[in-house]
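Here the protein sequences come in this chain order: C and E. If you're matching positions, the first sequence starts at 293 in our numbering and goes up one per residue. If you're matching positions, the second sequence starts at 2 in our numbering and goes up one per residue. Backbone N, C-alpha and C fix where the C-beta goes; we use that ideal spot for every residue, glycine too.
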Amino acid sequence: MLRLNKVKKEYKGFQLDCTLEVQEGCVTGLIGKNGAGKSTTFKAILGLISTDGGSIEIFGRPVSEMGIQDREDIGVVMSDSGFSGYLMVCDLIPILKSMYRNFQEEEFRRQCEKFRIPMDKKIKEFSTGMKRKLQVLAAITHEAKLLILDEPTSGLDVVARDKLLDMLRAYMEQEGRAILISSHISGDLEGICDDIYMIDEGKIVLYEETDVLLDSYGILKVTQEQYEGLDQEHILRSKKEEFGYSCMTDQRQFYQENYPQITVEKGNIDELIMMMVRGE
Amino acid sequence: MKGLLIKDFKILKGQKQFFASVLVVTFVFLMTNTSFSFVISYITVMTGMLTLTTISYDDHENGMGYLFTLPISRKGYVQEKYLFGFMTTMPVLAAASAAAFLVSRVRHIDFTAEEWTGAVLGSLLVITVMLSLLIPIELKFGTERSRVAMMVVFGGSFVVICAAVKVFEYLGIDWKIWVNRFDGLNLSVILTAFIMACGIIMAVSYLFSLRFMTKREF
Numbered sequence: 293m294l295r296l297n298k299v300k301k302e303y304k305g306f307q308l309d310c311t312l313e314v315q316e317g318c319v320t321g322l323i324g325k326n327g328a329g330k331s332t333t334f335k336a337i338l339g340l341i342s343t344d345g346g347s348i349e350i351f352g353r354p355v356s357e358m359g360i361q362d363r364e365d366i367g368v369v370m371s372d373s374g375f376s377g378y379l380m381v382c383d384l385i386p387i388l389k390s391m392y393r394n395f396q397e398e399e400f401r402r403q404c405e406k407f408r409i410p411m412d413k414k415i416k417e418f419s420t421g422m423k424r425k426l427q428v429l430a431a432i433t434h435e436a437k438l439l440i441l442d443e444p445t446s447g448l449d450v451v452a453r454d455k456l457l458d459m460l461r462a463y464m465e466q467e468g469r470a471i472l473i474s475s476h477i478s479g480d481l482e483g484i485c486d487d488i489y490m491i492d493e494g495k496i497v498l499y500e501e502t503d504v505l506l507d508s509y510g511i512l513k514v515t516q517e518q519y520e521g522l523d524q525e526h527i528l529r530s531k532k533e534e535f536g537y538s539c540m541t542d543q544r545q546f547y548q549e550n551y552p553q554i555t556v557e558k559g560n561i562d563e564l565i566m567m568m569v570r571g572e
Numbered sequence: 002m003k004g005l006l007i008k009d010f011k012i013l014k015g016q017k018q019f020f021a022s023v024l025v026v027t028f029v030f031l032m033t034n035t036s037f038s039f040v041i042s043y044i045t046v047m048t049g050m051l052t053l054t055t056i057s058y059d060d061h062e063n064g065m066g067y068l069f070t071l072p073i074s075r076k077g078y079v080q081e082k083y084l085f086g087f088m089t090t091m092p093v094l095a096a097a098s099a100a101a102f103l104v105s106r107v108r109h110i111d112f113t114a115e116e117w118t119g120a121v122l123g124s125l126l127v128i129t130v131m132l133s134l135l136i137p138i139e140l141k142f143g144t145e146r147s148r149v150a151m152m153v154v155f156g157g158s159f160v161v162i163c164a165a166v167k168v169f170e171y172l173g174i175d176w177k178i179w180v181n182r183f184d185g186l187n188l189s190v191i192l193t194a195f196i197m198a199c200g201i202i203m204a205v206s207y208l209f210s211l212r213f214m215t216k217r218e219f
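Structure below.
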């Protein structure tokens, strides 16, 4: 569905060099700290910025060759922009209707009601969470094949976030669809993503299926002495701590079986990000 | 493009106070003043500003970036802005011109057909030049920086015109002769030349806007 091959973009003090792929039927997560390159990657995919090298293909075609009609197959949520704040939701309906041949007006209205999005209030008066919900609803109600969602759950409370993730799961029930999603909330990604790319300083530093990440990866907490006697073959990152070292591994079971005396934690995605970014 | 036009007209819907104030000023001028040419150009220029307002609103909080994630091309966006400018200013120019003509007759004020034609054509030229200059500036620099760019352009134009007049005076060239040459020409010739000039100005402006928009990053 989406393929980025060595996509490069240079800014002063930052260089993006990104290769990633989103397969049909998959929800792919892109995670990383602020300024790691997530939004730049999204903007490059959407043609909002020019690139300095590499290639981007959507639905098997170079993104530069995509026409207006191809864009109807994509639904987007941007982290730093949205519909004009001077419009009301009721104004958006005829606009979306004329832009998307498959816009599902009734579904859109129903979901707006469900998420308590007022029809007759200017969007600039909405909270961040409401703006985000509105964008998600607009993205999923026109039969898009690919969703590109940059921080769609930011600003949402737990209940709204859960409802929104349920909507995305329901969206994926239909065949031939895919989602690329970024979020700084690890729970969102653990719960919905099939695979995850981790980006840091513009480069993909880790790619793994979510199940493997949660089942096989782990954090070892070891003293200086234990660290020195540790088989380093499956250690991906180490970080000096007051008690000794924290070590990230992709073979948790190996260390659990062979080093029963050391503490092996399962580690969630947040901890894995921390280790990838701060570890050596 | 239809979606963009709907969006801009929906944005206009929120400009009721602006419309009300322009209408009041126009009404007061028509009823109390004898300078109908000014009224026609005033209301046309004020309406033309609305096109620039819609660009500012699109740009607000990086909204233009989001617009281009929807099925909208940059070329389509630029075309729509010129079309929207035309669709809003031309009916208003026609209505204001008709109103000024009628009021001048009702109030028995001497406002000849030549003066009226001059006012209509003058307003058309002013609005064409204004939109042709300001749309590309707004698209190139965005809302904030375009204010500075506009001041530079208008200030620069003023300085250039003043300098040109001084240079002509110094060289003993009477530029008014060129203007007077129009007096002898047939109205249809003037009109055709005028419309062609407006078209060329718009076309050049459109090409600049398209170039700026194609290169712009969000």
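Counting only C-beta atoms, is C/ASP372 closer than 8 angstroms to chain E at any point?
yes
Give a yes or no on whether the C-beta atoms belonging to C/SER390 and E/GLY77 are separated by under 8 angstroms.
no
When the Cα of E/LYS216 is compared with those of E/ILE110, E/ARG75, E/LEU51, E/ILE201, which residue comes out closest?
E/ARG75
Nearest-angstrom Cα distance between C/GLY305 and C/GLN466?
42 angstroms
Could you check how far apart the C-beta atoms of C/ILE348 and C/ALA336 are, in whole angstroms? I think they sit under 8 angstroms.
6 angstroms
Is it right to say E/CYS163 is buried, meaning 16 or more other beta carbons lie within 10 angstroms of its own, or is it exposed?
exposed
Contacting positions in the segment 51–69 of chain E - beta carbon closer than 7 angstroms to chain C
TYR58, ASP59, HIS61, GLU62, ASN63, GLY64, GLY66, TYR67, PHE69
Tell me where the beta strand (DSSP E) around C/PHE306 begins and ends.
306–314
Can you check the segment 494–567 of chain C for any alpha helix (DSSP H) of at least 4 residues that lies completely inside it and give the ranges in chain order?
502–508, 516–520, 544–550
Could you check whether the Cβ of C/SER342 sits closer than 8 angstroms to any Cβ belonging to chain E?
yes
What three-state label does DSSP hand C/LEU441 in the structure shown?
strand
Which of the three DSSP states, helix, strand or coil, is assigned to E/ILE73?
coil
Compare the C-beta of E/ILE110 with all C-beta atoms of chain C and state if any pair is closer than 8 angstroms.
no
The beta strand (DSSP E) that contains C/LEU296, what's its start and end?
294–303
With DSSP as the reference, please indicate the residues paired to C/LEU472 in a beta bridge.
C/THR320, C/ILE440
What residues of chain E sit near C/PHE375, judged by a beta carbon separation below 8 angstroms?
GLY64, TYR67
Would you decide whether C/SER419 is buried or exposed? Buried here means 16 or more other CB atoms lie within 10 Å of its CB.
exposed
Within 10 angstroms of its Cβ, does E/HIS109 collect 16 or more other Cβ (buried), or is it exposed?
exposed
Interface positions of the segment 380–391 of chain C facing chain E (Cβ-Cβ less than 7 angstroms), listed along the chain
ASP383, PRO386, ILE387, SER390, MET391
Should E/PRO72 be labelled buried (16 or more other beta-carbon atoms within 10 Å of its own) or exposed?
buried
Whole beta strand (DSSP E) elements within the segment 79–128 of chain E, 3-residue minimum:
none
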